[in-house]
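Chains as they are written, first to last, in this note's numbering: chain A, 1 to 335; chain H, 1001 to 1335.
A short worksheet on the structure shown next.
Number of protein chains: 2
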Amino acid sequence: MDKTKILLAHGSGGRLTHDLITKHLVQSLSNPLLNKLDDAAVFESKGKTAFTTDSYVVNPIFFPGGNIGKLAVCGTVNDLSVMGAIPKYLSLAFIIEEGLDISALEEIIKSIAAAAKEAGVEIVTGDTKVVNTGKADKIFINTAGVGFIPEGLDISGANARPDDAVIVSGTMGDHGIAIMAQREGLNFKTAVESDCAPLNGLITDMLKVCPRIHVMRDPTRGGLATTLNEIAGQSQVGIELNEESIPVKPAVGGACEALGLDPLYVANEGKIIAIMPEKDAPAVLSAMKAHPYGKDSAIIGRVISPNPGRVSIRTPLGALRILDMQSGELLPRIC
Amino acid sequence: MDKTKILLAHGSGGRLTHDLITKHLVQSLSNPLLNKLDDAAVFESKGKTAFTTDSYVVNPIFFPGGNIGKLAVCGTVNDLSVMGAIPKYLSLAFIIEEGLDISALEEIIKSIAAAAKEAGVEIVTGDTKVVNTGKADKIFINTAGVGFIPEGLDISGANARPDDAVIVSGTMGDHGIAIMAQREGLNFKTAVESDCAPLNGLITDMLKVCPRIHVMRDPTRGGLATTLNEIAGQSQVGIELNEESIPVKPAVGGACEALGLDPLYVANEGKIIAIMPEKDAPAVLSAMKAHPYGKDSAIIGRVISPNPGRVSIRTPLGALRILDMQSGELLPRIC
Ligand SMILES: Nc1ncnc2c1ncn2[C@@H]1O[C@H](COP(=O)(O)OP(=O)(O)OP(=O)(O)O)[C@@H](O)[C@H]1O
Ligand SMILES: Nc1ncnc2c1ncn2[C@@H]1O[C@H](COP(=O)(O)OP(=O)(O)OP(=O)(O)O)[C@@H](O)[C@H]1O
Ligand SMILES: [Mg+2]
Ligand SMILES: [Mg+2]
Ligand SMILES: [Mg+2]
Ligand SMILES: [Mg+2]
Ligand SMILES: [Mg+2]
Ligand SMILES: [Mg+2]
């Protein structure tokens, strides 16, 4: 029995599962709700509650700027936060491929604990399954999250209104390019790091100056272009962007050119789109720029009545082209 | 492009993902919260809230008595219900292996819808990822669940008290043996079906006659023996069982003998253990027997003060032996 590797028995529900949970999980993620090890965690709730989930299958599991564990916490924190919720409780479910180094699992758990601490959330319940070698790829993680929405907010992809301003919180495409570079062993002049980060702090600051924000969303898979198409469809509005105002790191732009990708379709894991009445945009923008995760924020376009469901973009030369929802596979297993 | 199979592009977050979600998921699972397709579902909460998660990696994904979809709903409904919660909202996250037949996915979604309907829960949020052929095994599903606990209940694995009665809601080992038989192509004289079922209705009936129930738990991976060991450890009590009173189907007993398994260590997916003051046991038992999912319920033992953390069993010949937590792998990918 190799004590440095995950075995099938770690997932069978018996002694080894129990030891893995008490030794590795409860010790690193310890809190009163989790430590009970009951079938469900129990807490007090009140009012508008947000509930979300994501599975993470990113390949490779360690990458510049993070790993699958940090991603699994930040992604779910962000899906709660963009609904205006204050994220509180996360679940954590592992599907592990037999043979994973226990030291890798430990490093992932350490990142989970650190990200949860930064975001102010607790891992209160979880699950651990193991599948035979070759039936998964190292580790897949699912997190679900619960958060509470303060009174007076009403944020939804369906709430964009003509003349609203569209803001992004920073440069586009960093996460996807960091993964691609690591996966394909590419060497760029300037290293690109994933932007993976919990954005609840940034969003709290934004809502403080403007509780009237209409839409927020994290442009993950499919990137900015796909996410804006979703919003345009849900709200039945047009969206017009100004290409020159969309922030893209030179290294990311260069990598995209080399790879034949458009940064507007590449995944982000630490960025948000926010849409709000135009008059509120300057105040929101300065609150964003004052936060470390929003320092490159920019107003990139506006909501219009014509062409409901359509996103268009004005090029530096003044032409207007349609920015469609991504079709085709582009980048698999980016998150 | 083969339109009958899941492609990598179904998981890339673009057009095909969007079509899969709107065409297959929203249509079959439709409800106002899910249909918004926002980053998180939003609902009103109040009071004690239970939150749980499980991933399902069962192999094969279709088996006698159910499939991975039904299992994913029932398992999470049951983890909420055994805490005394009324299950309300589920998340649903797919990790699909490229190449899965879309017709298989449709059948799984149909079972999810049916099980959710029976349990009275709604799928309100979800996620869909696709990994390359050979990097997963057909489909893995994670569900998380939220439910609300009525006032006056206090159920936990830590609450067993000396002299409490131990009840099980029916025959042990049906699920695990159904999976093993299907997987190994075994042929038993009598077919064994999985007991996979949502137990919230049964549990509501039990709590109506006795809100003082101390412990409930679903004996899934590791079976009755492992689950009782967990409870004995959490409550720091001994548990003494009477072997003759533990219900086991003859076909399951026979299969276990043939396979060298002990039915007390084999997984169940539609059974619960309940522990309560001895004086309440007869009323609870008759409420259980009156419910279709509890008709084979039986009192199988009692809680004792000596040997805290230990489970022992009295054999038909009167000897007392220790029933340890399962060690070793036994049955991988049973749920
Ligand atoms: N990866 C994890 N992170 C945090 N907690 C975990 C993790 N895995 C398991 N746990 C916790 O350990 C305890 C036992 O988990 P387990 O999955 O065995 O329970 P279960 O869901 O009732 O059983 P089954 O998964 O067989 O249905 C639970 O309290 C669970 O929350
Ligand atoms: N398997 C599923 N079951 C139910 N709803 C789903 C499922 N997959 C996706 N959805 C719903 O579809 C919408 C879009 O899901 P998607 O996963 O693309 O959003 P996201 O989590 O914000 O993005 P990402 O997964 O890239 O972080 C969400 O409202 C989600 O709840
Ligand atoms: Mg359980
Ligand atoms: Mg997400
Ligand atoms: Mg579990
Ligand atoms: Mg999102
Ligand atoms: Mg469970
Ligand atoms: Mg998602």
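No residue lacks a Cβ here, since even glycine has one placed at the ideal position from N, Cα and C.
All figures in this text were calculated on a predicted structure; none of them were measured in a lab.
- Distances from the alpha-carbon of A/Gln234 to those of A/Ala158, A/Ser169, A/Ile322, A/Ala283 put A/Ala158 closest.
- In this structure, H/Gly1201 is the residue among H/Gly1069, H/Glu1184, H/Gly1201, H/Ile1239 with its C-alpha nearest to the C-alpha of H/Gly1120.
- With 16 or more neighbouring CB atoms inside 10 Å of its own CB, H/Asp1038 falls in the buried class.
- Look at H/Ala1136 here: in three-state DSSP terms it is coil, with no helix or strand label.
- For A/Arg217, the enclosing beta strand (DSSP E) covers residues 215-217.
- Sorting H/Tyr1089, H/Val1058, H/Lys1088, H/Cys1210 by C-alpha distance to the C-alpha of H/Ile1095 places H/Val1058 at the top.
- Inclusion of A/Val168 and A/Ala232 in the CB contact set at 8 Å is not warranted, their separation being larger than that value.
- Inter-residue distance for H/Ala1181 and H/Ile1061 is about 13 Å (C-alpha atoms, whole angstroms).
- When A/Ala116, A/Leu80, A/Val130 are compared, the shortest CA-CA separation from A/Leu20 is found for A/Val130.
- Each of H/Ile1239, H/Phe1063, H/Met1288, H/Val1124 was checked against the Cα of H/Pro1306, and the nearest Cα belongs to H/Ile1239.
- The straight-line gap separating the alpha-carbon atoms of H/Val1073 and A/Lys279 is approximately 46 Å.
- Counting only residues of its own chain and dropping the five nearest sequence neighbours on each side, H/Gln1326 has a CB closer than 6 Å to the CB of Gly1222, Thr1226, Tyr1265.
- If you check the C-beta of H/Gly1075 against ligand 7, you find a heavy atom less than 7 Å away.
- Relative to ligand 1, the beta carbon of A/Arg161 is positioned no closer than 7 Å to any heavy atom.
- Residue pairing from DSSP places H/Ile1239 in a beta bridge opposite H/Val1303, H/Val1311.
- Burial is judged here by how many other beta carbons sit within 10 angstroms of a residue's own beta carbon; H/Pro1219 has at least 16 and is buried.
- Leaving aside the five residues that flank H/Arg1321 on each side, the residues in its chain whose CB is nearer than 7 Å to its CB run, in chain order, Ser1312, Ile1313, Thr1315.
- Rounded to whole angstroms, the separation of the alpha carbons of A/Leu16 and A/Val237 is 55 Å.
- Excluding five sequence positions before and after A/Ile6, the CB atoms of its chain that fall closer than 7 Å to its own CB belong to Ile96, Glu98, Gly99, Leu100, Ile102, Leu105, Val130, given in chain order.
- Assignment of A/Ala160 by DSSP, reduced to helix, strand and coil, places it in the coil class.
- In this structure the segment 1043-1050 of chain H lies against the segment 43-56 of chain A, because at least three pairs of beta carbons, one per stretch, are closer than 8 Å.
- Contact between H/Val1082 and H/Arg1217 holds: CB atoms are separated by about 5 Å, below the 8 Å threshold.
- Short of 7 Å from the beta carbon of H/Glu1230, and not among the five residues preceding or following it, lie these beta carbons of its own chain, in chain order: Gly1157.
- Residue side-chain check: H/Asp1218 places its Cβ nearer than 7 Å to a non-hydrogen atom of ligand 7.
- Taking C-alpha positions only, A/His10 is separated from A/Ile213 by approximately 46 Å.
- With a threshold of 8 Å between beta carbons, H/Pro1332 makes contact with chain A.
- Annotation: the continuous beta strand (DSSP E) that includes H/Lys1129 extends over 1122-1131.
- Within a 10 Å sphere around the beta-carbon of H/Pro1263 sit 16 or more other beta-carbons, which makes this residue buried.
- In this structure, H/Phe1140 is the residue among H/Phe1140, H/Asn1031, H/Ala1116, H/Ser1028 with its C-alpha nearest to the C-alpha of H/Asp1054.
- Taking the beta carbon of A/Thr226 as reference, the chain H residues within 7 Å of it are Gly1013, Gly1014, listed in sequence order.
- Ligand 8 never approaches H/Asp1038 closely enough for any of its heavy atoms to be under 7 Å from the residue's Cβ.
- A/Thr4 is outside the set of residues whose beta carbon lies under 8 Å from a beta carbon in chain H.
- At least 8 Å separates the beta-carbon of A/Ile299 from that of A/Ala283.
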